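*Asks:* Here it is, the structure, as structure tokens.
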Amino acid sequence: MTQKQKVVIIGGGLAGLTAAYLLAKKSHQVTLVEKQTYPFHRVCGEYISNEVKPFLQSMGLYPSHLGPNEISRFLLTSPSGKKVEMPLDMGGFGLSRYAFDQFLFEKCKEAGVTFLLKTEVLETGFLEKENTFSLSLKNGESFYTDHVIGAFGKRSRMDKALHRPFMENRSPFIGIKYHVKTDFPDDTVALHNYNGGYLGINKIENGTYNVCYLGDKEQLRKAGSIESMEKTYLFENPFIKELFHNSEMILDKPVVINEVDFSKKAPVVDHILMAGDAAGLITPLCGNGMAIAIHSGKLAAEAIIHNSERTDIEKWYATNWSQQFQCRLWIGRKVQKLFGSELSANLAVGLLRTFPPAGRSIMKRTHGLAFGFED
Ligand SMILES: Cc1cc2nc3c(=O)[nH]c(=O)nc-3n(C[C@H](O)[C@H](O)[C@H](O)COP(=O)(O)OP(=O)(O)OC[C@H]3O[C@@H](n4cnc5c(N)ncnc54)[C@H](O)[C@@H]3O)c2cc1C
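Residues in the sequence shown are numbered consecutively from 1, following the working numbering.
Next comes the structure, spelled out in structure tokens:
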């Protein structure tokens, strides 16, 4: 039995909420600091790999009452409209982050997590002598804690405060999301390529569809507006053009993020256990960043639950994180190069048409196996 610890989690996406829930269930004193307030929309394709389903179900965290949409088929198209379809071995479900994060937030509150919402962490410091962290908040307050889990997503001011090397580089990618009403097979997730990026569509809850794409910042600059960029570049792919023409937009405006970056990151920095995108974002075309966020949040919680010495906690986490995710993230970065241009997307479609096992093999290597929680 380890002594119950005070844990602060910075960031309340899927990684932070999962870690918070598991630690609170084990009676640790958990505070989660989130700069936004629930519910809110995020840029995300909202296709969640089934590798997390048994874990969510076993912990009472699978929100079947919200009507997640089961997905078992994959459609890939090239910019000129060539297509290939295949079944998904593991499959997944579609559910909006608006609903899913809100549900997990409620579960965490029930489990005893304290939330500081609309609150931003500016910096952390590790006090060697006291073996304690200090945290400074934007509202001027500061406090101390035994452990910090960094679940602050792909790019945060925390990365700057920690002098993480990838913050030196600008990323060429932007992310844009819509919720729409349209006509599209319920059981399918599509990945439509265009010269400059790729767009995903799948059904989520309430008869709604998520349309989300990874685009090119330079194309947006040249086009001058999102609408003009879509007409000029995305609509080259006839599937994307048809989709936009036959969809009714639900959100007032698209949700947009800049600086989507797939750089390699360290899982432990200045004694902080990094979880989810803060430890590395897998390219969206793999469709399992959310599964990795949930799984790594679980590992960060287990590291604290199963070990008492800080050095053991960090070693346990870094080893388990690398075993689970390092190779998947690397393959994701390589596969990303196959998409976003006519030539490479045609090659990818051609390859999967003539040799379907290649697609299966890539999916297997970027996805994990189902897992459980070791308490
Ligand atoms: C275009 C695109 C499409 C994608 N599509 C899919 C998909 O279909 N399927 C899939 O599985 N994955 C997808 N992903 C990846 C997935 O969205 C992420 O991997 C996942 O959201 C990571 O969760 P997280 O908890 O690590 O971070 P996030 O969900 O980003 O949460 C981080 C939280 O930290 C908060 N925060 C940041 N800094 C601070 C601070 N200093 N103080 C307090 N709070 C802070 C933020 O407000 C945020 O709420 C996609 C990604 C992109 C870019």
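Idealized CB from N, CA, C, for every residue including glycine.
In this text, all values refer to a predicted model and were calculated from it rather than measured experimentally.
#1: Using a Cβ-Cβ cutoff of less than 7 angstroms, which residues in the same chain neighbour Thr232 once the five nearest sequence positions on both sides are dropped?
#2: Tell me, please, which residues DSSP counts as bridged to Lys6.
#3: Could I get the ranges of all uninterrupted alpha helix (DSSP H) runs contained in the region 290-323, with 4 residues as the minimum, in chain order?
#4: Give the secondary structure of Asn202 by DSSP, where H, G and I count as helix, E and B as strand, and everything else as coil.
#5: Does any heavy atom of ligand 2 sit closer than 7 angstroms to the C-beta of Ala370?
#6: Return the CA-CA distance between Thr124 and Asn210, expressed in angstroms with no decimal places.
#7: Pairing CB atoms from the region 340-352 with CB atoms from the region 319-326, are three or more of them under 8 angstroms?
#8: Using only the heavy atoms of ligand 1, determine whether one of them is closer than 7 angstroms to the beta carbon of Asn288.
#9: Kindly identify the DSSP beta-bridge partner or partners of Arg73.
#10: Are three or more beta carbon pairs between the region 248-259 and the region 175-183 nearer than 8 angstroms?
#11: Is Ala291 closer than 8 angstroms to Ala378 when the C-beta atoms are compared?
#12: What are the boundary residues of the alpha helix (DSSP H) that Leu104 is part of?
#13: Quick check: the Cα distance between Ser296 and Thr132, rounded to an integer number of angstroms?
#14: By Cβ distance below 7 angstroms, which residues in the same chain neighbour Gly94 in space, the five residues on each side in sequence not counted?
#15: Assign Ala370 to buried or exposed, taking buried as 16 or more other Cβ atoms, counted over all protein chains shown, within 10 Å of its Cβ.
#16: For a quick check, are the C-beta atoms of Gly9 and Ala20 less than 8 angstroms apart?
#17: Would you report the Cα separation of Gly81 and Glu342, rounded to the nearest angstrom?
#18: With the cut-off set at 8 angstroms, would you say Ala161 and Leu122 are in Cβ contact?
#19: Within the present structure, is the beta-carbon of Ile403 separated from the nearest heavy atom of ligand 1 by less than 7 angstroms?
*Replies:* On the basis of the supplied data:
#1: Numbered from 1 along the sequence shown, position 232 holds the residue referred to as residue 232. For Thr232, where only same-chain residues beyond five positions count, the Cβ hits under 7 angstroms are Ala223.
#2: Taking the sequence shown and counting its residues from 1, the one referred to as residue 6 is at position 6. According to DSSP, which records beta bridges pairwise, Lys6 is partnered with Gln29.
#3: 310-321
#4: Within the sequence shown, residue 202 is the residue found at index 202, counting from 1. Reduced to three states, the DSSP call for Asn202 is strand.
#5: Among the ligands present in this structure, namely ligand 1, ligand 2 is not found.
#6: For the purposes of this step, residue 124 is taken as the residue at position 124 of the sequence shown. For the purposes of this step, residue 210 is taken as the residue at position 210 of the sequence shown. Rounded to the nearest angstrom, the two C-alpha atoms are 36 angstroms apart.
#7: no
#8: Here residue 288 is taken as the residue at index 288 of the sequence shown, counted from 1. Yes, since a heavy atom of ligand 1 falls inside the 7 angstroms radius drawn around the Cβ of Asn288.
#9: Working through the sequence shown from its first residue, we reach residue 73 at position 73. Pro87 and Thr188.
#10: yes
#11: Here the chain has residues from 1 to 375 only, and residue 378 is not among them.
#12: Within the sequence shown, the letter at position 104 stands for residue 104. Segment Arg97 to Ala111, the alpha helix (DSSP H) holding Leu104.
#13: Here residue 296 refers to the residue found at position 296 of the sequence shown. Here residue 132 refers to the residue found at position 132 of the sequence shown. Cα to Cα, the separation comes out at about 23 angstroms.
#14: Your numbering for residue 94 matches position 94 in the sequence shown. Hits under 7 angstroms: Glu46, Tyr47, Pro68, Asn69, Ile71, Asn202, Lys203, Ile204 and Asn210.
#15: Here residue 370 refers to the residue found at position 370 of the sequence shown. Exposed is the call here.
#16: As a working mapping, residue 9 is identified with position 9 in the sequence shown. As a working mapping, residue 20 is identified with position 20 in the sequence shown. Sequence inspection shows Ile at residue 9; the Gly mentioned does not correspond to that position. For Ile9 and Ala20, yes; Cβs fall inside 8 angstroms.
#17: For the purposes of this step, residue 81 is identified with residue 81 of the sequence shown, where counting begins at 1. For the purposes of this step, residue 342 is identified with residue 342 of the sequence shown, where counting begins at 1. Computed Cα separation, rounded: 10 angstroms.
#18: Stepping through the sequence shown from its first residue, residue 161 is reached at position 161. Stepping through the sequence shown from its first residue, residue 122 is reached at position 122. Yes.
#19: Lying outside 1 to 375, the shown extent of the chain, residue 403 is not represented and no answer is given.
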